[in-house]
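Undergrad:
2 protein chains.
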Amino acid sequence: MWKPDRQSQKPLYEQIADHLEQKISYGEFPPGSLLPSERKLAEQLGVNRSTVILAFAELRSMGIIESRSGSGTRVSQYKWGATPRHTPNWKRYAEGGSFLPNVPFLRRIREALSQTPSMIDFASGELSGDLSPMNEIAMLMDEHHYTSYLGYANPQGYIPLRQALVAYLDQYRGIQTTESSILITSGSQQSLFLITQCLLSPGDAVAIEDPSYCYSLPMFQSAGLRLFRLPVDRDGVRPEDIRTLYKKHRIKMIFTNPNYQNPTGTFLTDERRNKLLEIASELGLPIVEDDPYSLTDYEGEFCPPLKSVDPHGNIIYIGSFSKIVASGLRIGWMVAPHAIVERLADARQQMDFGLSVIPQQVAAQFLISSHFEPQLNRLRMQLRYKRDLLIEALQKELPGLIQYNIPQGGIHMWCKLVPEVNDAKLLEEGIKKGVVFVPGSVYGSDSGYVRFTFARAKEEDIGPGIAAFAEALRELIK
Amino acid sequence: MWKPDRQSQKPLYEQIADHLEQKISYGEFPPGSLLPSERKLAEQLGVNRSTVILAFAELRSMGIIESRSGSGTRVSQYKWGATPRHTPNWKRYAEGGSFLPNVPFLRRIREALSQTPSMIDFASGELSGDLSPMNEIAMLMDEHHYTSYLGYANPQGYIPLRQALVAYLDQYRGIQTTESSILITSGSQQSLFLITQCLLSPGDAVAIEDPSYCYSLPMFQSAGLRLFRLPVDRDGVRPEDIRTLYKKHRIKMIFTNPNYQNPTGTFLTDERRNKLLEIASELGLPIVEDDPYSLTDYEGEFCPPLKSVDPHGNIIYIGSFSKIVASGLRIGWMVAPHAIVERLADARQQMDFGLSVIPQQVAAQFLISSHFEPQLNRLRMQLRYKRDLLIEALQKELPGLIQYNIPQGGIHMWCKLVPEVNDAKLLEEGIKKGVVFVPGSVYGSDSGYVRFTFARAKEEDIGPGIAAFAEALRELIK
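As given, the protein sequences belong to chains U and W, one line each in that order. Just so we're aligned, residue 1 is where the first sequence starts under UniProt numbering, counting upward by one. Just so we're aligned, residue 1 is where the second sequence starts under UniProt numbering, counting upward by one.
Quick look at the structure:
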């Protein structure tokens with residue numbers, strides 16, 4: 001971040017005025033936008049507030065900014081003097097478009113995390129550095145020289161990675177498939193984006209779990225879909241609800257996350273799995289099965305995905321490396337009928353011209369290496385340990401104030417708060433105390449829940465993080 | 001590709017029948033879809049046609065496929081017996097959605113290239129392997145251990161890469177900017193996708209060059225935009241046309257590629273640049289400047305982008321590594337007002353959760369390394385040499401049949417055919433003779449043009465490729 005140069009001949013306030021003028025002329029602060037307060041800017045730049053007041057006075061005298069008491073300092077609408085129409089109204093463009101912005105809670109969490117590096121993070125759905133096999137990946141990258149041709153890659157994805165996935169899916173997921181039915185994506189998010197954008201039309205009705213990750217994705221609304229809820233109870237979704245939704249709304253697709261569901265951690269029972277497949281097949285309805293967590297089962301048990309028992313080919317299966325290896329690789333995959341894979345590969349070409357071959361090579365190497373199996377074993381042990389730390393902290397800090405089921409896999413803990421509190425206030429109070437988590441309303445229609453993700457925080461931070469959360473909660477209910 | 005096992009006890013025809021049945025049951029050949037012909041399949045599998053006939057008979061007897069004389073062999077609609085509704089109608093889903101498929105010519109070219117590896121490629125807009133610094137990149141990857149934390153990356157892109165780009169843009173492009181005004185994308189394609197999806201709304205009117213790359217992108221139509229043409233003559237677009245389009249259609253954005261334009265290779269004159277900026281600024285219209293080629297100027301001259309002389313901040317600038325380093329890195333960038341960058345970074349998070357940090361690290365290392373400048377020098381020399389080889393071949397093989405301007409930079413040659421021929425027939429005839437190129441109608445409204453890209457083909461293939469093209473052309477006009 002820019003700071004004024006204390007060795008320079010130029011007074012600090014002039015340096016700051018020049019710097020701000022440059023930012024304004026580059027449109028970083030568009031006409032009409034609010035500047036940071038004098039106090040905040042002084043803090044950021046490490047100068048006295050009076051220095052900033054002088055810099056602002058300088059800019060005001062040039063007609064570049066305007067201050068009104070009580071409403072802060074703004075970039076002048078007429079900064080270019082006589083002709084106010086010179087600069088496009090960027091703000092209007094930024095607010096236009098049909099693609100919806102992220103939900104405000106998630107933006108707020110991201111902002112808090114970037115502003116305060118010491119913030120304890122129970123919000124991000126990803127692994128901490130020590131859970132990812134960084135050394136093993138670095139070793140593989142040292143061993144293998146990536147000198148192959150770096151042209152535009154195969155639209156369906158790097159062939160050796162697809163080959164490695166055919167073997168992986170067979171061995172670890174009980175799914176028999178072929179290279180030509182696999183599409184490599186940059187993760188589950190891109191898989192879902194392609195499906196919602198390219199296989200469905202605005203106005204189509206789809207069923208999503210409530211609560212669920214999908215609930216938090218404006219991409220569904222951006223695609224113009226009508227969303228209908230499948231309530232999740234202790235045993236997962238109730239298959240009969242699908243029949244009802246089909247009759248009432250002619251739903252065209254079902255989105256589900258049956259193994260250690262995000263956010264509830266529930267595992268769909270065998271009986272319901274069979275019923276779900278039976279009903280989908282009877283109605284000819286495709287199911288999108290998102291399966292990021294099942295290899296994290298703490299006992300190391302095999303959790304068969306729906307796709308492994310899909311006699312009639314109703315399932316589009318989505319997997320990814322993000323929750324078992326490293327989210328930063330940005331490698332995911334989809335298993336679907338070839339016609340679907342081909343269509344989505346073609347659309348993806350138009351959106352981003354495919355993925356870089358480098359992380360695809362790394363992923364393929366890692367998958368066939370001797371490091372993969374030990375990574376899974378280590379991950380399961382460590383996740384269970386972190387879950388136990390979290391439960392211990394919840395029991396110690398919040399006795400009688402919180403209820404939960406204990407997950408047997410995955411990275412999330414879904415907690416019901418006994419006292420009634422306002423989601424937004426709780427999050428703000430948590431941020432003040434140095435902890436972020438996701439308010440339950442991001443994922444569904446019931447209020448009074450919180451999702452704690454225990455994979456991202458450091459082990460030693462879990463106790464203090466929950467203590468901080470407890471303080472925040474007590475602040476609101478006192 | 002799968003082949004039957006000649007050592008196996010199982011007869012070849014049974015192996016083939018089993019293989020096809022598996023493909024059908026995985027939905028690779030959905031119900032109702034056409035199977036390859038007996039002749040073609042026999043060729044692909046390296047067996048006699050009679051063996052395939054036996055395999056088909058086997059599948060027919062099981063009710064899995066159906067043959068009708070004259071219309072080939074299809075997967076049965078009722079392959080699951082009594083209940084035809086078991087499998088979703090995947091074909092309908094693949095054909096649904098509002099995102100349009102790629103233009104047929106581009107799909108056909110891609111298909112031809114993947115089926116015939118020896119095809120001479122004047123179609124792909126990318127560098128050949130020897131033009132990319134593969135050894136240097138491999139060396140950098142060996143030198144630097146990528147053991148850093150592989151979590152979800154910064155939504156705007158890896159910070160050291162943005163820092164390297166601030167210096168690069170200043171030194172090589174005359175653009176002063178700051179890290180916070182840069183968004184890292186996976187290339188120009190993703191930059192354009194984000195802009196068209198997120199800053200514009202369905203029904204908005206935009207101006208695109210005719211002919212141009214944008215013309216070939218169904219992403220514009222998928223976003224529901226109304227496209228209006230800015231004809232490109234020898235000196236680029238005519239700025240006054242913008243005023244006319246604004247008056248008539250209230251265009252909201254201008255897309256331009258002023259330096260060595262794709263496909264025409266034209267360079268917008270200084271006079272028109274100034275006029276263009278003046279008019280855009282007067283109308284408060286944003287310009288999206290796509291600038292992939294200007295560092296390829298064969299004389300090594302500095303070609304200032306519009307963004308470097310953009311007094312009123314009208315320009316969103318798009319750059320990429322694809323045409324100067326390697327397309328397979330999938331690294332591009334956008335320079336825009338911070339409000340725009342923030343909005344697009346947020347939207348991209350929802351689409352794919354950002355880019356893998358690995359290629360971003362590689363790109364940052366390469367950009368600040370001592371290899372970057374020599375790569376540019378070598379590239380310019382080699383591109384000029386390839387251009388000269390192409391011109392020589394055109395003069396030798398097609399005297400009097402073709403007209404063109406000689407480009408001074410870039411990787412494309414835009415040629416007018418003197419005889420009138422049908423685009424589609426010419427492409428098919430070319431494929432038969434072993435050469436692909438892009439028919440001009442992909443890029444614009446005028447017929448009778450061809451785009452030859454000379455960066456991708458090997459030096460020794462350029463002569464024979466044009467000879468093959470000449471044969472194809474003569475075949476059609478004889």
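Here a beta-carbon is modelled for each residue, glycine too, at the ideal position from N, C-alpha and C.
Alpha carbon to alpha carbon, how far is Val-442 of chain U from Asn-259 of chain U?
TA: Here residue 442 of chain U is taken as the residue at index 442 of the first sequence, counted from 1. Here residue 259 of chain U is taken as the residue at index 259 of the first sequence, counted from 1. Rounded to whole angstroms, Val-442 of chain U to Asn-259 of chain U spans 20 Å at the Cα level.
Undergrad: Could you please tell me which residues of the segment 86-102 of chain W, in chain order, have their CB closer than 9 Å to any CB of chain U?
TA: His-86, Thr-87, Pro-88, Asn-89, Trp-90, Lys-91, Tyr-93, Ala-94, Glu-95, Gly-96, Gly-97, Ser-98, Phe-99, Leu-100, Pro-101 and Asn-102
Undergrad: Below 8 Å, can you find three or more Cβ-Cβ pairs linking the segment 149-166 of chain U to the segment 370-379 of chain U?
TA: no
Undergrad: For Ser-132 of chain W, decide whether its Cβ has a neighbour in chain U, counting only Cβ atoms nearer than 8 Å.
TA: Sequence index remark: in the second sequence, residue 132 of chain W carries index 132 (1-based). Yes, Ser-132 of chain W counts as interfacial toward chain U.
Undergrad: With a floor of 4 residues, list each alpha helix (DSSP H) that falls wholly inside the segment 359-409 of chain W, ordered by position along the chain.
TA: Counting whole runs of 4 or more residues, the segment 359-409 of chain W contains the alpha helix (DSSP H) stretches 372-397.
Undergrad: Would DSSP call Glu-301 of chain U helix, strand or coil?
TA: On the first sequence, residue 301 of chain U is found 301 positions in, with the first residue counted as 1. Three-state result, Glu-301 of chain U: coil.
Undergrad: For the segment 334-343 of chain W against the segment 388-398 of chain W, are there 3 or more C-beta pairs whose distance is under 8 Å?
TA: no
Undergrad: Can you name the residues that DSSP bridges to Ser-67 of chain W?
TA: Numbered from 1 along the second sequence, position 67 holds the residue referred to as residue 67 of chain W. In DSSP, Ser-67 of chain W forms a bridge with W:Thr-73.
Undergrad: Asn-48 of chain U versus chain W: which residues are under 9 Å apart at the beta carbon?
TA: As a working note, residue 48 of chain U is residue 48 in the first sequence. Chain W residues near Asn-48 of chain U: none, gap ~24 Å exceeds 9 Å.
Undergrad: Do you know how far the Cα of Asn-314 of chain W is from the Cα of Pro-84 of chain U?
TA: Sequence index remark: in the first sequence, residue 84 of chain U carries index 84 (1-based). Sequence index remark: in the second sequence, residue 314 of chain W carries index 314 (1-based). Residue confidence for Pro-84 of chain U is low, a pLDDT of 41 falling below 50, so the modelled location carries little weight; the figure read from the coordinates is stated next. So the two alpha carbons sit approximately 13 Å from each other.
Undergrad: Using DSSP with H/G/I as helix, E/B as strand and the rest coil, what is His-412 of chain U?
TA: For the purposes of this step, residue 412 of chain U is taken as the residue at position 412 of the first sequence. Of the three classes helix, strand and coil, the one that applies to His-412 of chain U here is strand, per DSSP.
Undergrad: Rounded to whole angstroms, what's the CA-CA distance from Phe-228 of chain U to Gly-203 of chain U? Just pull it up for me.
TA: For the purposes of this step, residue 228 of chain U is taken as residue 228 along the first sequence, with counting starting at 1. For the purposes of this step, residue 203 of chain U is taken as residue 203 along the first sequence, with counting starting at 1. Going from the Cα of Phe-228 of chain U to the Cα of Gly-203 of chain U covers about 12 Å.
Undergrad: Tell me which same chain residues have a C-beta within less than 7 Å of the C-beta of Ser-118 of chain W, skipping the five on either side of it?
TA: Numbered from 1 along the second sequence, position 118 holds the residue referred to as residue 118 of chain W. Once the five neighbours on either side are set aside, the close Cβ partners of Ser-118 of chain W are Gly-434.
Undergrad: Rounded to whole angstroms, what is the Cα-Cα separation between Phe-267 of chain U and Gly-236 of chain U?
TA: To locate residue 267 of chain U, count along the first sequence from 1; it is residue 267. To locate residue 236 of chain U, count along the first sequence from 1; it is residue 236. Phe-267 of chain U and Gly-236 of chain U: Cα-Cα distance of roughly 6 Å.
Undergrad: Pick from U:Asn-422, U:Met-1 and U:Cys-415: whose alpha carbon is nearest that of Asn-262 of chain U?
TA: For this step, residue 262 of chain U is matched to residue 262 along the first sequence. The shortest Cα separation from Asn-262 of chain U among U:Asn-422, U:Met-1 and U:Cys-415 belongs to U:Cys-415.
Undergrad: Along the chain, where does the beta strand (DSSP E) containing Met-253 of chain U start, and where does it finish?
TA: By 1-based counting over the first sequence, the position of residue 253 of chain U is 253. Note, Met-253 of chain U: beta strand (DSSP E), 253-256.
Undergrad: Taking the alpha carbon of Leu-473 of chain W as the reference point, which residue from W:Tyr-385, W:Val-450, W:Phe-99 and W:Phe-454 has its own alpha carbon closest?
TA: Here residue 473 of chain W refers to the residue found at position 473 when the second sequence is read from its first residue. Considering only alpha carbons, the answer is W:Val-450.
Undergrad: Just checking: is the beta-carbon of Val-357 of chain U within a distance shorter than 8 Å of some beta-carbon in chain W?
TA: The sequence position of residue 357 of chain U within the first sequence is 357, counting from 1. By this cut-off, Val-357 of chain U is an interface position.
Undergrad: Which of the three DSSP states, helix, strand or coil, is assigned to Glu-289 of chain U?
TA: Taking the first residue of the first sequence as position 1, residue 289 of chain U is located at position 289. DSSP, read as helix, strand or coil, puts Glu-289 of chain U in strand.
Undergrad: Per DSSP, which residues does Trp-333 of chain W bridge with? Please list them.
TA: Taking the first residue of the second sequence as 1, we reach residue 333 of chain W at position 333. DSSP lists W:Ile-184 and W:Gly-319 as partners of Trp-333 of chain W.
Undergrad: According to DSSP, Thr-453 of chain W sits in a beta bridge with which residue or residues?
TA: If you number the second sequence from 1, residue 453 of chain W lands on position 453. Per DSSP, W:His-412.
Undergrad: To which residues of the same chain is Leu-230 of chain W closer than 8 Å at the C-beta, ignoring the five residues directly before and after it?
TA: What you label residue 230 of chain W is simply residue 230 of the second sequence in a count that begins at 1. Excluding positions up to five away in sequence, the list reads Ala-207, Ile-208, Glu-209, Asp-210, Val-237, Arg-238, Asp-241, Ile-242, Leu-245, Ile-254 and Thr-256.
Undergrad: Could you give the DSSP three-state label for Gly-328 of chain W: helix, strand or coil?
TA: Taking the first residue of the second sequence as 1, we reach residue 328 of chain W at position 328. Gly-328 of chain W: helix per DSSP, three-state reduction.
Undergrad: Buried or exposed: where does Ile-358 of chain U fall if 16 or more other Cβ atoms within 10 Å of its Cβ makes it buried?
TA: For the purposes of this step, residue 358 of chain U is identified with residue 358 of the first sequence, where counting begins at 1. The residue is buried, with at least 16 neighbouring Cβ atoms inside 10 Å.
Undergrad: Alpha carbon to alpha carbon, how far is residue 481 of chain W from Asp-130 of chain U?
TA: The requested residue 481 of chain W does not occur in the structure, where chain W is confined to residues 1 to 478.
Undergrad: Which same chain residues end up closer than 6 Å to Leu-398 of chain U when comparing Cβ atoms and leaving out the 5 residues on each side of it in sequence?
TA: Counting from one through the first sequence, the residue named residue 398 of chain U turns up at place 398. Within the same chain, Leu-398 of chain U has close Cβ partners Ala-470.
Undergrad: What residues of chain W sit near Ile-466 of chain U, judged by a beta carbon separation below 8 Å?
TA: The residue labelled residue 466 of chain U in the question sits at position 466 within the first sequence. Near Ile-466 of chain U there are no residues of chain W at all, since even the closest Cβ is about 22 Å away, more than 8 Å.
Undergrad: Does DSSP put Leu-417 of chain U in a helix, in a strand, or in coil?
TA: To locate residue 417 of chain U, count along the first sequence from 1; it is residue 417. Of the three classes helix, strand and coil, the one that applies to Leu-417 of chain U here is strand, per DSSP.
Undergrad: Please say whether Gln-360 of chain U and Ile-331 of chain U have beta carbons closer to each other than 8 Å?
TA: Along the first sequence, read from residue 1 onward, the residue named residue 331 of chain U stands at position 331. Along the first sequence, read from residue 1 onward, the residue named residue 360 of chain U stands at position 360. Yes, these two residues count as a Cβ contact at 8 Å.
Undergrad: Quick one: residues in its chain with C-beta nearer than 8 Å to the C-beta of Lys-425 of chain W, no 5 flanking neighbours on either side, listed in chain order?
TA: Working through the second sequence from its first residue, we reach residue 425 of chain W at position 425. Result list for Lys-425 of chain W: Leu-476, in chain order.
Undergrad: In whole angstroms, give me the CA-to-CA distance for Ala-82 of chain U and Gly-63 of chain U.
TA: Counted from its first residue, the first sequence places residue 82 of chain U at position 82. Counted from its first residue, the first sequence places residue 63 of chain U at position 63. Because Ala-82 of chain U carries a pLDDT of 35, less than 50, the predicted location of this residue cannot be relied on, and the following value inherits that uncertainty. For Ala-82 of chain U and Gly-63 of chain U, the distance between alpha carbons rounds to 11 Å.
Undergrad: Would you mind giving the Cβ-Cβ distance between Ser-188 of chain W and Asp-290 of chain W, rounded to the nearest angstrom? I have them listed as a contact below 8 Å.
TA: Translated into positions along the second sequence, residue 188 of chain W becomes position 188. Translated into positions along the second sequence, residue 290 of chain W becomes position 290. Correct: roughly 6 Å between the Cβ atoms.
Undergrad: Nearest chain W C-beta to Ser-370 of chain U closer than 8 Å, yes or no?
TA: Position 370 of the first sequence holds residue 370 of chain U. No, no contact with chain W.
Undergrad: Would you grab the beta carbon distance between Val-325 of chain W and Ser-132 of chain W for me? Rounded to a whole angstrom, and I think it's under 8 Å.
TA: If you number the second sequence from 1, residue 325 of chain W lands on position 325. If you number the second sequence from 1, residue 132 of chain W lands on position 132. The Cβ separation is near 6 Å, so the contact holds.
Undergrad: In the DSSP output, which residue or residues are listed as bridge partners for Arg-229 of chain W?
TA: In the second sequence, counting from the first residue as 1, residue 229 of chain W sits at position 229. Answer is W:Ile-208.
Undergrad: Do you know offhand how far His-19 of chain U's Cα is from Ala-363 of chain U's?
TA: Locating residue 19 of chain U in the first sequence gives position 19, counting from the first residue. Locating residue 363 of chain U in the first sequence gives position 363, counting from the first residue. So the alpha carbons of these two residues sit roughly 43 Å apart.
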